[in-house]
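**Student:** Protein chains in written order, with UniProt numbering: chain X, 1 to 317; chain A, 1 to 114. Ideal Cβ placement from N, Cα and C applies to all residues, glycine included.
1) Could you pull out every residue in the same chain whose Cβ sits closer than 7 Å to the Cβ of residue 99 of chain A, ignoring the five residues on either side in sequence?
2) Judging by CA-CA distance, which residue of X:123, X:92, X:87, X:61 is the nearest neighbour of residue 104 of chain X?
3) Would residue 269 of chain X pass as a contact of residue 249 of chain X if the rule is Cβ separation under 9 Å?
4) For the alpha helix (DSSP H) containing residue 90 of chain A, list its first residue and its last residue.
5) Is it true that the CB of residue 222 of chain X sits closer than 9 Å to the CB of residue 273 of chain X?
6) Can you tell me the Cα-Cα spacing of residue 174 of chain X and residue 135 of chain X, whole angstroms?
7) I'd like the span of the alpha helix (DSSP H) that includes residue 112 of chain X, first residue to last.
8) Give the range of the alpha helix (DSSP H) segment to which residue 146 of chain X is assigned.
9) Since residue 177 of chain X meets chain A, which of its residues come closer than 7 Å, beta carbon to beta carbon?
10) Helix, strand or coil for residue 133 of chain X, going by three-state DSSP, please let me know.
11) Could you list which residues in chain X have their beta carbon closer than 7 Å to that of residue 81 of chain A, in chain order?
12) Around the C-beta of residue 68 of chain X, are 16 or more other C-beta atoms found within 10 angstroms, so that it is buried, or is it exposed?
13) Starting from residue 37 of chain A, follow its DSSP beta bridges and name the residues at the other end.
14) Could you compute how far the alpha carbon of residue 217 of chain X sits from the alpha carbon of residue 182 of chain X?
15) Checking 9 Å against the spacing of the C-beta atoms, do residue 206 of chain X and residue 168 of chain X come in under that value?
16) Quick one: grab the DSSP three-state call for residue 255 of chain X.
17) Can you give me the C-alpha to C-alpha distance between residue 185 of chain X and residue 212 of chain X, rounded to a whole angstrom?
18) Chain X partners of residue 41 of chain A, CB-CB under 7 Å?
19) Taking 9 Å as the cut-off, decide whether the C-beta atoms of residue 54 of chain A and residue 89 of chain A are in contact.
20) Specify, as a first and last residue, the run of the alpha helix (DSSP H) that residue 291 of chain X falls within.
21) Since residue 101 of chain A meets chain X, which of its residues come closer than 7 Å, beta carbon to beta carbon?
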């Protein structure tokens, strides 16, 4: 277990960011403590036991890429099974799950079916947002919306409230523009502005989307063109947590009232920004994959910019 | 001897037929075909110049699917998995910038000349 307790009030340091970038894993368990999301060690009983008596937990998984069978992980379905088994074994049952996209690799019906069977079997409410791999069916996203679009707007965005926390699921993987990054679009931004009108400044807000809503590495497309407009709408809230996937590794940042966090994949790791010719799947020596598929805890404290980060790998017992 | 001559004659006829077939206009003529490889999240060559009537085949050599979309929407491939190809015949002269519909920072251009 690697622990980073960053006491620097300016937030996460570059060194910490780089350290945290080298791990990859399966999921993050979040708990709401005093209205502020705190991520827990998904697999560690010691940490999970810290779930407060008042509050609730939710779990984030991402980038399951069902159907992926290349060298980086010929059995992406198996690692999702392992992740789900860990979730089933949690001593404290999460109130619900979110999946931050790339459920499938190629948007094929059999891939959606296989993912449904595994994730649906968990017995949780699951809130999905699509990744770009989920909207490449013949109908350009129809297959995704047919399955997960119920009670959503537009291309699949939605919001809901859970015990005083406002959750917003955004879609930034459709209608992508040449030379651009992720894209929210005018229609969704208008919906978001309207959606947030009724939410008080004191209400904690959790926003999740597939592609990071902050510019992590635009050279690899790791950012969202019009995210700034969405983030501007979130400035007035006391606590905002932004959860993303897409980059298959943990990265985080605190900027003012907003904490950004990216999740690991359950399928395969991707290289740290700029460390490879492309962001394609990273093949590691046999036996090392699960040591890269790890877990990360992030404790977010109200009124403090600093994060307490605990990284552990699946290889650790 | 006779047998050998017949064989030669047959061979010559075959070669003539083959030559005729190759000379016929059609999409399979080597000079009317070009290839763009997709590798490491990049189109190679990034800028390709071809003559009108050329069929350009895009081939994905990455472990991640890509999707070829013309900026003016004049053509659009399906999602190309590893090893998949998409062929488009350019029938009009002009510049045709395109990008990957999944990773739009990936861009290329086909210039079609008369």
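**Tutor:** Quick answer:
1) 69, 71, 106, 107
2) X:61
3) yes
4) Looking at the DSSP string, residue 90 of chain A is not in any alpha helix (DSSP H), and its letter there is neither H nor E.
5) yes
6) 8 Å
7) For residue 112 of chain X, the uninterrupted alpha helix (DSSP H) segment begins and ends at 109-120.
8) 142-148
9) 104
10) helix
11) 106
12) buried
13) A:44, A:59
14) In a straight line, the C-alpha of residue 217 of chain X is about 12 Å away from that of residue 182 of chain X.
15) yes
16) strand
17) 15 Å
18) 278, 279, 280
19) yes
20) 289-292
21) 176
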